[in-house]
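Protein chains in written order, with our numbering: chain A, 519 to 824; chain B, 519 to 824. Ideal Cβ placement from N, Cα and C applies to all residues, glycine included.
Protein chains: 2
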Amino acid sequence: MRDRVREAVRVLDYHPNIMAQGLARQRSYLIGLVYENPSPSYGVDLQMGVLDRLRGERYRLVVLPVRSVNDHADEVVGLLRSAAIDGVVLAPPASDSRRILDELVGIGMPFARISPTQFDDIVPGVVVDDVVAAAEVAGAVLAQGHRRIGIIKGDPTHAASSARMTGYADAFAAAGARIDPTRVIDGLFTFDSGFAAARTLLDRPDRPTAILAQNDDMAVGALMAARELGIDVPRDLSIVGFDDSEIARITWPRITTMRQPVFDMAVSATSLLLDQLSGTPVPATIAHEHRLILRESIAPPPVAGG
Amino acid sequence: MRDRVREAVRVLDYHPNIMAQGLARQRSYLIGLVYENPSPSYGVDLQMGVLDRLRGERYRLVVLPVRSVNDHADEVVGLLRSAAIDGVVLAPPASDSRRILDELVGIGMPFARISPTQFDDIVPGVVVDDVVAAAEVAGAVLAQGHRRIGIIKGDPTHAASSARMTGYADAFAAAGARIDPTRVIDGLFTFDSGFAAARTLLDRPDRPTAILAQNDDMAVGALMAARELGIDVPRDLSIVGFDDSEIARITWPRITTMRQPVFDMAVSATSLLLDQLSGTPVPATIAHEHRLILRESIAPPPVAGG
DNA sequence: ATGAAAGCGCTAACAA
DNA sequence: TTGTTAGCGCTTTCAT
């Protein structure tokens, strides 16, 4: 009998109607990924991670890009409900939006936060220690002897930007130095913003001997700016990034950076979400390790500038 | 009365249940994007294009990445049906899979093909002339005087690979030259495959003075290989890519490439799909223009090699 | 203009 | 084990 059904399925080429299934069982088997898209590198790793984890699972991924999370936090939740999504992976800065988190809790939609930096009571989430990581990468530059250091921050609406700034400051303090606020420029996590910021930093006569960029796209932008000004990296200028995106290893010199396992974090976050959806208890937090990736983009400062 | 309803909606914070709506009206407001992911650059442009067109529309995007379209063509269709998708944008090489196209036609699911190269009767689709485009970029290299030219092909399972090869051959013929088959290597559209292929090409004593890569990721891989071998680009080696992805403008030297408006093509394909879904008649084909983007990665061959 | 009712295709609870 | 039935929340058709 069981076999007769199978046979009929085959003969009729029967495929269940997902929406009827969903209606009856209150489940769409769709999960969402909310993110802003400043850095393509980051977005790719993120999405690949989620998709990788979803492979073989019944769930599908709906991408919900948002222009600016902070401007449109309310829309996001409406988006989520109206998309009939079972749960959502929140990437920065959506993962730090009180508004979004509260609504999600309110409507009882499961979620997993990637790199949350506040509201620690709202779980689960996947984290790395941004502050310590930033301190380490800044420390590597300071250890080379650099003191005239420019900083290209990330998008100010992302909490990671200030967290990394704090880490930089810690490293400077530990080295008996301090950050020169006139050499700190806000970027947007994009190549172009890094390029522009670096031009500003490098156009000054007392230009920095090193630049700390808060992600790799901006670091590569800075590298391009240096190139156009005829400044040799790393001889005349050291540059470090953050993330260890693919972009950091395809340039020349390759960029020294702080590895943040975005792909793995996305996998973990997705697991956290799937577990919730299947009723499995989940830990409040999954921590991932950062790691300094030393490449050719740093060197001691030039003698004249040391 | 109408107002009383609106008021109730507000008070109860009523949100329609999409799946019930879907069940009743046989529509999920979900569209799919099927693609293989060799080149991250291409994938990003593609997806951004679709999402951009979807902004403000009711439709959401479900991403359906496929390991290898050719190995799993049958799965794809199952995926599509079971995902309750209203229509699908097919990127290469899914857009060239007879199996997939037939099934789609069979079940009556609307679709739009991006860069189809065969089965012209199956429409609609968004195209650029790969052959002519490839001929132009090869022509630019030949015009510099290069004759010992290496070629890094794309993934052989993508029809674009052979189309571009045809274009290269046309250009060689027009220049009274011919392709040296021993200098043609299959790549996979990835940075690493371009790197490996370039190493092979450059390790020979009579190494080429120019390399044609069939996309930008591989061109940048070739650039890296040259760097590691101490070969100066463009002085000792010219390199050109294809696509004009962001990756081609963030390296040094920046890569001369053939602009293929992937983003715009994705927008057009999505429009084609949305129009079908709304019952609007659509043209069989939307053509997009290619354009040679001259950058610093090419120069005349070195004298000793000319 | 408003109300009533019959599905949409499935799941889950219950009977047989 | 197999069969039956009542919803799931909406749209659409038909009556009022």
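Residues that residue i bridges to, as DSSP identifies them
i: Arg777(A); result: Asp761(A), Arg809(A)
i: Ile583(B); result: Here residue 583(B) is Pro; the residue named in the question, Ile, does not match the sequence. Per DSSP, Tyr553(B).
i: Asp704(A); result: Lys671(A)
i: Leu730(B); result: Ile669(B), Val758(B)
i: Thr769(A); result: In the DSSP output, where bridge partners are listed per residue, Thr769(A) has none listed.
i: Arg682(B); result: Looking at the DSSP assignment, Arg682(B) forms no beta bridge with any residue, so it has no partner.
i: Arg722(B); result: According to DSSP, Arg722(B) bridges with nothing at all.
i: Val606(B); result: Gly550(B), Phe629(B)
i: Thr803(B); result: Gly643(B)
i: Arg578(B); result: Leu548(B)
CB contact flag (residue i, residue j, <8 angstroms)
i: Leu720(B); j: Ile757(B); result: no
i: Ala737(A); j: Phe713(A); result: no
i: Val659(B); j: Gly685(B); result: no
i: Asp648(B); j: Arg682(B); result: yes
i: Ile536(A); j: Ala601(B); result: yes
i: Met783(A); j: Gly567(A); result: yes
i: Val644(A); j: His806(A); result: yes
i: Ala591(B); j: Ser615(B); result: yes
i: Asp563(B); j: Val780(B); result: yes
i: Tyr547(A); j: Arg578(A); result: yes
i: Pro556(B); j: Leu730(B); result: no
i: Asp710(A); j: Asn733(A); result: no
i: Leu810(B); j: Val800(B); result: no
i: Val606(B); j: Val552(B); result: yes
i: Glu764(A); j: Ser559(A); result: yes
i: His664(A); j: Thr718(A); result: no
i: Ala716(B); j: Ala740(B); result: yes
i: Arg599(A); j: His533(B); result: yes
i: Leu792(B); j: Glu575(B); result: yes
i: Thr769(B); j: Thr769(A); result: yes
i: Asp688(B); j: Thr708(B); result: no
i: Ile603(B); j: Gly561(B); result: no
i: Ile703(B); j: Lys671(B); result: yes
i: Leu594(A); j: Ala612(A); result: The amino acid at residue 594(A) is misidentified as Leu; the sequence shows Val. Cβ distance < 8 angstroms, so Val594(A) and Ala612(A) count as in contact.
i: Gln662(B); j: Pro771(B); result: no
i: Gly657(B); j: Arg701(B); result: no
Residue i, buried or exposed, once every other Cβ within 10 Å from all chains shown has been counted against 16
i: Val821(B); result: exposed
i: Val529(B); result: exposed
i: Asp531(A); result: exposed
i: Gly626(A); result: exposed
i: His808(A); result: buried
i: Gly527(B); result: Reading the sequence as shown, one finds Val at residue 527(B) and not Gly. Exposed: under 16 other Cβ atoms inside 10 Å.
i: Asp638(B); result: exposed
i: Asp724(A); result: exposed
i: Leu812(B); result: exposed
i: Gln544(A); result: exposed
i: Ala609(A); result: buried
i: Arg522(B); result: exposed
i: Gly596(B); result: exposed
i: Ala692(B); result: exposed
i: Gly694(B); result: exposed
i: Gly824(B); result: Annotation note: pLDDT 40 at Gly824(B) (below 50); position unreliable, coordinate value reported separately. Under this definition Gly824(B) is an exposed residue.
i: Gln778(A); result: buried
i: Glu554(A); result: buried
i: Val751(B); result: buried
i: Ser786(A); result: buried
i: Asp589(A); result: exposed
i: Gln565(A); result: buried
Check: residue i C-beta below 7 angstroms from any heavy atom of the ligand ADP
i: Met783(A); result: Ligands displayed in this structure: none; no statement on the ligand ADP is therefore possible.
* To do: Taking only beta carbons into account, state which residues of the stretch 739-767 of chain B come closer than 8 angstroms to chain A, listed in chain order.
  => Gly739, Leu741, Met742, Arg745, Glu764, Ile765
* Listed from N- to C-terminal order along the chain, which residues in the stretch 666-685 of chain A have their beta-carbon within a distance smaller than 8 angstroms of any beta-carbon of chain B? -> none
* Give, in chain order, every residue of the stretch 803-822 of chain A whose Cβ lies closer than 7 angstroms to some Cβ of chain B. => none
* When Cβ atoms are compared, which residues of the stretch 527-547 of chain A fall closer than 8 angstroms to chain B? -> His533, Pro534, Asn535, Ile536, Met537, Ala538, Gly540, Leu541, Ser546
* If you measure beta-carbon to beta-carbon, which residues of the stretch 591-615 of chain B are closer than 7 angstroms to chain A? -> Arg599, Ser600, Ala601, Ala602
* Asked: If contact means a Cβ-Cβ distance below 8 angstroms, which residues of the stretch 768-797 of chain B contact chain A?
  -> Ile768, Thr769, Trp770
* Asked: Listed from N- to C-terminal order along the chain, which residues in the stretch 576-592 of chain A have their beta-carbon within a distance smaller than 9 angstroms of any beta-carbon of chain B?
  -> Arg576, Arg578, Leu579, Val580, Val581, Leu582, Pro583, Arg585
* If you measure beta-carbon to beta-carbon, which residues of the stretch 694-710 of chain B are closer than 8 angstroms to chain A? -> Phe709
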